[in-house]
Amino acid sequence: MTMRGWLRRKRVSAKDRIQPSHAHPISDSLGENISELERIFTLTPDLVIRTFESSMLEGSAAIVYLTGLVDKNSINNNVLRPMLAQRDRGKAGILDLLSVGDVSIARDFRTVEKEIFDGSCVMFVEGRNEAFVLDTHGWPQRAIEDPQLEASLKGAHQGFVETGMQNIALIRRYLPNRELKIKEFWIGDRGATRVSILFLQDVAHPEVLQEMEDRIKQIKIDSILNTGELAELIEDNPFSPFPQLMMTERPDSVASHILQGKIAVVVDRSPSVLIGPATFSSFFQNVDDYSTRWLVSSFIRLLRGLAFIIATFLPALYIALISFNYEVIPLDLILSVGESRERVPFPPLLEAMLMELTLEMLREAGVRLPTPIGQTVGIVGGIVIGQAVVQAGIVSNIMVIVVAFTAISSFIIPNYDMGSAVRLLRFLMMGLAALFGIVGIIVGLMGLIAHLIQLESLGVPYGSPLAPARFSDWKDFFIRLPFWTMRDRPVSTRAIQARRQGDNRPRGDGE
Numbered sequence: 003m004t005m006r007g008w009l010r011r012k013r014v015s016a017k018d019r020i021q022p023s024h025a026h027p028i029s030d031s032l033g034e035n036i037s038e039l040e041r042i043f044t045l046t047p048d049l050v051i052r053t054f055e056s057s058m059l060e061g062s063a064a065i066v067y068l069t070g071l072v073d074k075n076s077i078n079n080n081v082l083r084p085m086l087a088q089r090d091r092g093k094a095g096i097l098d099l100l101s102v103g104d105v106s107i108a109r110d111f112r113t114v115e116k117e118i119f120d121g122s123c124v125m126f127v128e129g130r131n132e133a134f135v136l137d138t139h140g141w142p143q144r145a146i147e148d149p150q151l152e153a154s155l156k157g158a159h160q161g162f163v164e165t166g167m168q169n170i171a172l173i174r175r176y177l178p179n180r181e182l183k184i185k186e187f188w189i190g191d192r193g194a195t196r197v198s199i200l201f202l203q204d205v206a207h208p209e210v211l212q213e214m215e216d217r218i219k220q221i222k223i224d225s226i227l228n229t230g231e232l233a234e235l236i237e238d239n240p241f242s243p244f245p246q247l248m249m250t251e252r253p254d255s256v257a258s259h260i261l262q263g264k265i266a267v268v269v270d271r272s273p274s275v276l277i278g279p280a281t282f283s284s285f286f287q288n289v290d291d292y293s294t295r296w297l298v299s300s301f302i303r304l305l306r307g308l309a310f311i312i313a314t315f316l317p318a319l320y321i322a323l324i325s326f327n328y329e330v331i332p333l334d335l336i337l338s339v340g341e342s343r344e345r346v347p348f349p350p351l352l353e354a355m356l357m358e359l360t361l362e363m364l365r366e367a368g369v370r371l372p373t374p375i376g377q378t379v380g381i382v383g384g385i386v387i388g389q390a391v392v393q394a395g396i397v398s399n400i401m402v403i404v405v406a407f408t409a410i411s412s413f414i415i416p417n418y419d420m421g422s423a424v425r426l427l428r429f430l431m432m433g434l435a436a437l438f439g440i441v442g443i444i445v446g447l448m449g450l451i452a453h454l455i456q457l458e459s460l461g462v463p464y465g466s467p468l469a470p471a472r473f474s475d476w477k478d479f480f481i482r483l484p485f486w487t488m489r490d491r492p493v494s495t496r497a498i499q500a501r502r503q504g505d506n507r508p509r510g511d512g513e
């Protein structure tokens with residue numbers, strides 16, 4: 003048999019790959035139910051099935067759970083101990099005896115299977131064609147710590163963890179309001195993942211909310227492992243380098259966006275929360291902007307915009323000036339550049355590519371290695387390699403300065419996904435500059451602006467409030483005006499309740 007024929011035989015449809023569901027009803031025979039469970043959970047050594055007799059029951063019973071996903075103390079103290087107590091049953095029912103926080107009823111094995119994998123304990127009773135689902139979740143969790151990618155100077159020092167319900171509780175701490183609504187969905191045929199949509203019912207626009215729901219419902223996949231996978235499946239333009247949905251590790255940031263009229267998506271087992279719709283300017287805002295004086299915050303925002311321009315266009319501008327448009331360089335500077343490039347055998351494009359790729363390798367090495375080693379590699383590697391390549395005549399001193407300035411500028415961008423997009427655009431602009439000089443950079447800039455204008459996030463213009471122009475939103479765009487001037491929510495969120503604060507103008511000596 004040829005390789006092509008073997009591959010043709012092995013190819014199966016998605017429908018064939020999905021495991022069959024167990025939707026038939028629960029029997030009133032405990033033995034049949036246990037046999038069905040053993041058939042469903044084959045090769046599952048962590049499955050526990052314990053049968054017991056109780057004077058409180060007319061027959062025997064059994065509890066079923068996965069040992070690593072439950073709280074055994076809760077099972078022993080709140081389930082087994084009340085059921086095994088030697089006392090008269092009287093008029094007390096089973097639900098009256100169980101002291102767990104939540105008890106629900108399951109009537110088919112599909113529900114039983116889902117609840118067991120979700121960390122619940124299921125109890126079957128002889129003579130009853132239903133099972134009791136007991137809330138005994140107790141899977142491994144890590145403590146709440148500082149966010150790794152979004153460090154804060156004056157804001158809260160709490161970050162999301164890998165438990166969806168705990169992340170929702172962190173958000174509720176900031177928004178203890180009955181208008182905060184939650185819609186839950188389960189995604190995945192093999193590993194069902196709970197996805198929760200959080201929004202303010204009297205603020206979020208129904209069309210934007212419906213668009214988010216429809217995109218999530220249409221997902222057909224084995225399992226969602228993290229928030230990044232979900233974002234890629236529901237974003238408007240997957241071929242754009244720019245992120246169209248924001249991911250954050252900070253509950254205070256999520257609360258701030260929800261108050262603006264946006265929608266948050268919490269993915270269980272992921273320490274990041276998705277926020278949409280997002281605009282280009284929202285990726286340059288940080289929670290610390292609202293914790294410092296508005297003049298300082300405005301200066302920092304302008305600095306971020308300048309850093310975006312430098313990180314995107316500076317290497318390309320160097321290539322264009324050295325290769326094509328050297329007549330615009332001042333005479334004293336061009337003599338210095340010529341002296342620096344005297345021994346360099348490579349053209350400016352190859353020189354810039356070599357240094358940029360080396361920088362990207364050092365960046366990735368510093369991220370993947372343990373923290374103490376990663377910092378050492380980044381610092382020592384940058385110094386040693388930079389000094390060595392200059393002394394060897396491979397690159398010029400000016401190129402090292404350009405690359406270092408570009409790297410520093412890219413680090414100023416507060417959002418990691420936007421910073422990654424800038425890293426990709428930098429190489430595109432370098433190629434255009436090597437082909438057409440400054441004209442190529444201008445063409446690339448025009449194409450970049452056109453792409454940002456036509457891009458959307460959940461149907462909301464990505465370039466807002468600049469394109470289309472929303473002058474009322476400029477109070478929190480290029481600069482940040484005093485917080486008491488921002489009485490209305492951003493127009494770009496399409497919030498149905500525009501006003502978010504009254505006249506809070508301070509009446510002090512400066513009036």
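Counting in the working numbering, the sequence shown runs from 3 upward without gaps. Positions of the beta carbon are idealized from the N, C-alpha and C atoms, including for glycine. For clarity, every value in this text was computed on a predicted model and none was experimentally measured.
- Going by beta carbons, residue 351 and residue 431 fall outside the 8 Å limit.
- Out of 444, 335, 201, the CA that lies nearest to the CA of residue 179 is found in 201.
- Under the three-state reduction of DSSP, residue 240 is assigned to coil, being neither helix nor strand.
- 263 is the residue among 120, 66, 50, 263 whose C-alpha sits nearest the C-alpha of residue 462.
- Residue 317 sits close to residue 358, with the two beta carbons spaced by under 8 Å.
- Contact annotation: the region 291-309 does not touch the region 180-190, with fewer than three C-beta pairs closer than 8 Å.
- CA-CA distance, residue 40 to residue 147, rounds to 40 Å.
- As the crow flies, the alpha-carbon of residue 481 is around 14 Å from that of residue 289.
- Just so you know, the alpha carbons of residue 387 and residue 479 end up roughly 39 Å apart.
- Per the C-alpha coordinates, the member of 484, 488, 265, 223 positioned closest to residue 213 is 265.
- By the C-beta criterion, the region 123-139 is judged not to be in contact with the region 272-282, since fewer than 3 inter-stretch pairs fall below 8 Å.
- In the DSSP annotation of this structure, the continuous segment of the alpha helix (DSSP H) that includes residue 438 starts and ends at 418-438.
- Between residue 175 and residue 313, the CB-CB gap reaches or exceeds 8 Å.
- Between residue 101 and residue 80 a beta carbon distance of about 4 Å is seen, short of the 8 Å cut, so the two are scored as contacting.
- If you look at residue 167, you'll find it in the alpha helix (DSSP H) that goes 166-176.
- Following the DSSP letters along the chain, one finds residue 83 inside the alpha helix (DSSP H) bounded by residues 83-86.
- Taking 8 Å as the cut-off, the Cβ atoms of residue 257 and residue 247 do not count as close.
- Between residue 401 and residue 354, the C-beta gap is smaller than 8 Å, which places the two residues in contact.
- According to the DSSP secondary-structure assignment, residue 199 is paired through a beta bridge with 185, 267.
- Of the residues 458, 485, 95, the one whose Cα lies closest to the Cα of residue 281 is 458.
- Taken atom to atom, the span from the alpha-carbon of residue 492 to that of residue 237 is near 21 Å.
- In this model, residue 108 and residue 75 are separated by some 23 Å (Cα to Cα).
- Contact between residue 253 and residue 162 holds: their C-beta atoms lie close to 7 Å from each other, under 8 Å.
- Distance from residue 129 to residue 224 at the Cβ level is roughly 38 Å; contact not present, criterion being Cβ atoms closer than 8 Å.
- For residue 324, the CB contacts under 6 Å within the same chain, skipping 5 residues up- and downstream, are 350 in chain order.
- Judged by DSSP in its simplified three-state form, residue 211 adopts helix.
- The residues 187, 189, 197, 199, 232, 236, 267, in chain order, have a CB closer than 8 Å to that of residue 218 in the same chain once the five nearest residues on each side in sequence are set aside.
- Residue 70 sits in coil when the DSSP states are folded into three classes, being neither helix nor strand.
- Shown here, residue 52 sits in a strand according to DSSP, grouped into three states.
- A residue is called buried once 16 or more other Cβ atoms fall within 10 Å of its Cβ, and residue 417 is buried on that count.
- Between residue 171 and residue 116, the C-beta spacing is not below 8 Å.
- Take residue 205, set aside five residues on each side of it, and the residues of its chain with a beta-carbon closer than 6 Å to its own are 263, 497, 499, in chain order.
- In the three-state reduction of the DSSP assignment, residue 110 falls in the strand class, which pools E and B.
- Looking at 49, 85, 474, 73, the one whose alpha-carbon comes closest to that of residue 61 is 85.
- About 11 Å separates the CB atoms of residue 63 and residue 51; that is not less than 8 Å, and the two are not in contact.
- Residue 276 carries a strand assignment under DSSP once its states are collapsed to helix, strand and coil.
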